[in-house]
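**Q** Sharing a structure here in structure tokens format.
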Ligand code: AMX
């Protein structure tokens, strides 16, 4: 009975918010104006580059690459970030520590605001504090979600995984798509990027509301999310809607949403979003596809899997674990044909700097936390075992080895939810890229595939 009441109360609240939000959306950020200058400059630059160098060869494709997940094939252009195997990610040329130093922070906060990172990803420039503040405000004003999405979320069974709920809600948000609307009215293709921008901004703004609604439905007995506060930044509003008010947690969320945003173009979630967008599916449909990829255990779901695995480890071995016990548990995992979640990477060949940044946060805020200590012990023990096993090309921890443990420390122990938080962040990179995909007029993506028979003939094997 009370759940029903909560549900209808929430629907009302959201319907009201939607009306409110459409009334007060004004361009308080000048991001679009900045882009209006950058787009023609970059278009001209790319046009000239292609005219001069369009036929140059940039790599070769070996048979093993085709069977091996296309590793190392240079086949995509992504402007927002580049991943070096040994150094890690650079966002528009800036490393994670450089971003942490240069990007604006919230008053009293120590971590960069994800809004600033989005500005950087879209424009290539470090924003001013005022530009970041205006973006926070703009996203707060665009944050309400339509009542049909709230109703749909409220009707899902609690057994439906949070990532499935998240993805379905994003698909349903395409009722709001400015891109789809403009396309159906026959807008000129030179204007596509402007509508991709509007959808990207709205999607990013709305995701915390969607994510928090899922969280409260599943883990807080369907209680309502609090209203958006236009004076707060994106992460602070997300934290408040989730129901967490610890200021260190809010700062953790800023760090988390900054770190998980972008990892160049070939990873499953970014690539899927880009691929679907190339069919001119609107940004909501494109991003939902990316989220379905993020929900895979070898990609974003690894953050859930790490905690599932650590929980099993603690159930089996108890609290205080020796290195030898740990080694045996890890070998058992490998011998039963499973991966050690949170370790390895398709591109990286060193410890992920996103892991390092989270480790530094943990050393500062929770050095005595037992799960953090276990994570540190795993960092010491797992790589040697993976090297001994001799299969993984990279034995070092990735971003997912650390994230859940910190969330757990602050009481967010619902591990099935962790990938949703990753997803909220991943919108920053994928939407920044999608704006440029449309601005640069990237066509329908359609690589050539071959049959084994055809390939054998091609290389003279039959
Ligand atoms: N544990 C056990 N085996 C591993 C391993 C790990 N952590 N990482 C790689 N391997 C194995 C692979 O399964 C593969 O085995 P196979 O030859 O029997 O198929 C072999 O080592 C070679 O793999 P690789 O070339 O080093 O890695 P990849 O590029 O094929 O895959 C990744 C990369 C991330 C899928 C893999 O390292 C893995 O499964 N890691 C665990 C899951 C994980 O943490 N995923 C999150 C990655 C980051 C992210 O996207 N969020």
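In my numbering, the protein residues as written are 867 to 1328.
Even glycine gets a Cβ: it sits at the ideal position worked out from N, Cα and C.
1) Is it true that the CB of residue 1126 sits closer than 8 Å to the CB of residue 1242?
2) Give me the residue from 1035, 1215 and 1043 with the minimum Cα distance to residue 1067.
3) Would you list the residues sitting across from residue 954 in a DSSP beta bridge?
4) In three-state terms, what does DSSP make of residue 906?
5) Answer yes or no: do residue 1227 and residue 1271 have a C-beta to C-beta separation smaller than 8 Å?
6) Can you tell me the Cα-Cα spacing of residue 1076 and residue 1029, whole angstroms?
7) Sort 938, 1171, 1100 and 922 by Cα distance to residue 1010 and report the nearest one.
8) Below 8 Å CB to CB, which residues in the same chain sit around residue 1303 once its five sequence neighbours on both sides are set aside?
9) Would a C-beta distance cut-off of 8 Å place residue 1210 and residue 1258 closer than the cut-off?
10) Who are the near neighbours of residue 1037 in its chain, counting only those whose CB is closer than 6 Å to its CB and skipping five residues on each side?
11) Taking 8 Å as the cut-off, decide whether the C-beta atoms of residue 1347 and residue 1206 are in contact.
12) Does at least one heavy atom of the ligand AMX sit under 7 Å from the Cβ of residue 1124?
13) Between residue 1180 and residue 1187, what straight-line distance do the alpha-carbon atoms span, to the nearest angstrom?
14) Looking at C-alpha atoms only, which residue of 1322, 1171, 1325 and 1298 is the closest neighbour of residue 856?
15) Would the beta-carbon of residue 1158 be found less than 7 Å away from any heavy atom of the ligand AMX?
16) Should residue 1168 be counted as a contact of the ligand AMX given a C-beta to heavy atom distance under 7 Å?
17) Around the C-beta of residue 974, are 16 or more other C-beta atoms found within 10 angstroms, so that it is buried, or is it exposed?
18) With C-beta atoms as the reference, is residue 947 less than 8 Å away from residue 1295?
19) Just to check, is the beta-carbon of residue 1209 closer than 7 Å to a non-hydrogen atom of the ligand AMX?
20) Quick one: does the C-beta of residue 1247 sit closer than 7 Å to a heavy atom of the ligand AMX?
21) Is residue 1133 a contact residue of the ligand AMX, with contact defined as CB to any heavy atom under 7 Å?
22) Return yes when the C-beta of residue 952 is under 7 Å from any heavy atom of the ligand AMX, and no when it is not.
23) Return the residue from the list 901, 1174, 929 and 1159 that minimises the CA-CA distance to residue 1267.
24) Have a look at residue 957 and residue 1328 and give me their C-alpha separation to the nearest angstrom.
25) Under 7 Å from any heavy atom of the ligand ZN, does the C-beta of residue 935 make it?
26) With DSSP collapsed to three states, give me the class of residue 1230.
27) Suppose the cutoff is 7 Å on Cβ atoms and the five residues either side in sequence are ignored; what does the same chain contact list for residue 1117 look like?
28) Please indicate yes or no: does the CB of residue 905 lie closer than 7 Å to some heavy atom of the ligand AMX?
29) Could you name the residues that DSSP lists as bridge partners for residue 971?
30) Could you tell me if residue 924 is buried or exposed, where buried requires 16 or more neighbouring beta carbons within 10 angstroms of its beta carbon?
31) Reducing DSSP to helix, strand and coil, say where residue 1209 ends up.
32) If I measure Cβ to Cβ from residue 1315 and keep anything under 7 Å in the same chain, skipping five residues before and after, which residues do I get?
33) On a Cα-Cα basis, can you pick out the residue from 950, 962 and 1199 that is closest to residue 1223?
34) Just grab the DSSP bridge partners of residue 960 for me.
35) Please check the pair residue 1032 and residue 1248, which I expect to be a contact at CB under 8 Å, by giving their CB distance rounded to whole angstroms.
36) Please name the residue in 1197, 1201, 1273 and 896 whose C-alpha comes closest to that of residue 1231.
**A** Let me lay it out:
1) One-based indexing of the chain shown puts residue 1242 at position 376. One-based indexing of the chain shown puts residue 1126 at position 260. No. Outside cutoff.
2) In the chain shown, counting from the first residue as 1, residue 1067 sits at position 201. Among 1035, 1215 and 1043, the Cα nearest to that of residue 1067 is on 1043.
3) Counting from one through the chain shown, the residue named residue 954 turns up at place 88. According to DSSP, which records beta bridges pairwise, residue 954 is partnered with 950.
4) Your numbering for residue 906 matches position 40 in the chain shown. Three-state result, residue 906: helix.
5) To locate residue 1227, count along the chain shown from 1; it is residue 361. To locate residue 1271, count along the chain shown from 1; it is residue 405. No; because the gap between Cβ atoms is not below 8 Å, this pair is not in contact.
6) Locating residue 1076 in the chain shown gives position 210, counting from the first residue. Locating residue 1029 in the chain shown gives position 163, counting from the first residue. Residue 1076 and residue 1029: Cα-Cα distance of roughly 11 Å.
7) Working through the chain shown from its first residue, we reach residue 1010 at position 144. Ranking the options by Cα distance to residue 1010, first place goes to 1100.
8) Counting from one through the chain shown, the residue named residue 1303 turns up at place 437. Result list for residue 1303: 1062, 1140, 1143 and 1144, in chain order.
9) Position 344 of the chain shown, counting from 1, holds the residue named residue 1210. Position 392 of the chain shown, counting from 1, holds the residue named residue 1258. Yes. Within cutoff.
10) As a position in the chain shown, residue 1037 is number 171, starting the count at 1. Hits under 6 Å: 1154.
11) Past the edges of the chain, shown from 867 to 1328, lies residue 1347, and the structure says nothing about it.
12) What you label residue 1124 is simply residue 258 of the chain shown in a count that begins at 1. Residue 1124 Cβ: outside cutoff for every heavy atom of the ligand AMX.
13) Position 314 of the chain shown, counted from the start, is the residue given in the question as residue 1180. Position 321 of the chain shown, counted from the start, is the residue given in the question as residue 1187. Linking residue 1180 to residue 1187 through their CA atoms gives a straight-line distance of about 8 Å.
14) With the chain covering only 867 through 1328, there is no way to say anything about residue 856.
15) The residue given as residue 1158 occupies position 292 in the chain shown. No - the ligand AMX has no heavy atom lying nearer than 7 Å to the Cβ of residue 1158.
16) What you label residue 1168 is simply residue 302 of the chain shown in a count that begins at 1. Under cutoff, so the answer is yes.
17) For the purposes of this step, residue 974 is identified with residue 108 of the chain shown, where counting begins at 1. When all chains shown are included, residue 974 counts as exposed.
18) Within the chain shown, numbered from 1, the residue matching residue 947 stands at position 81. Within the chain shown, numbered from 1, the residue matching residue 1295 stands at position 429. With respect to residue 1295, residue 947 sits close: the two C-beta atoms are nearer than 8 Å.
19) In the chain shown, residue 1209 corresponds to position 343, counting from 1. Between the ligand AMX and residue 1209, a heavy atom-to-CB distance of less than 7 Å is present.
20) Mapped onto the chain shown, residue 1247 falls at position 381. Outside the cutoff, so no.
21) One-based indexing of the chain shown puts residue 1133 at position 267. Yes.
22) Here residue 952 is taken as the residue at index 86 of the chain shown, counted from 1. For the ligand AMX, not one heavy atom lies less than 7 Å from the Cβ of residue 952.
23) Here residue 1267 refers to the residue found at position 401 of the chain shown. Just measuring C-alpha positions, the residue of 901, 1174, 929 and 1159 sitting nearest residue 1267 is 1174.
24) For the purposes of this step, residue 957 is taken as the residue at position 91 of the chain shown. For the purposes of this step, residue 1328 is taken as the residue at position 462 of the chain shown. Approximately 46 Å between the Cα atoms of the pair.
25) For the structure depicted, the ligand ZN is absent and the ligand set comprises only the ligand AMX.
26) Here residue 1230 is taken as the residue at index 364 of the chain shown, counted from 1. If DSSP states are grouped into helix, strand and coil, residue 1230 belongs with the helices.
27) Against the chain shown, residue 1117 aligns to sequence position 251. Exclusion of the five residues before and after residue 1117 leaves 975, 976 and 977 as the residues of its chain whose Cβ lies within less than 7 Å of its Cβ.
28) As a first step, residue 905 must be located in the chain shown, where it is residue number 39. Result no, Cβ not under 7 Å from the ligand AMX.
29) Working through the chain shown from its first residue, we reach residue 971 at position 105. Partner(s): 978.
30) Position 58 of the chain shown, counting from 1, holds the residue named residue 924. Its Cβ having fewer than 16 others within 10 Å, residue 924 is exposed.
31) Taking the first residue of the chain shown as position 1, residue 1209 is located at position 343. It is a strand residue.
32) Numbered from 1 along the chain shown, position 449 holds the residue referred to as residue 1315. Nothing listed; no residue qualifies.
33) Looking up residue 1223 in the chain shown gives position 357. Nearest of 950, 962 and 1199 to residue 1223, Cα basis: 962.
34) What you label residue 960 is simply residue 94 of the chain shown in a count that begins at 1. Answer is 957, bridged to residue 960.
35) Here residue 1032 refers to the residue found at position 166 when the chain shown is read from its first residue. Here residue 1248 refers to the residue found at position 382 when the chain shown is read from its first residue. No, residue 1032 and residue 1248 are not in contact; Cβ-Cβ is about 30 Å, not under 8 Å.
36) Along the chain shown, one-based indexing puts residue 1231 at 365. Looking at the Cα atoms, 1273 is the closest of the given residues.
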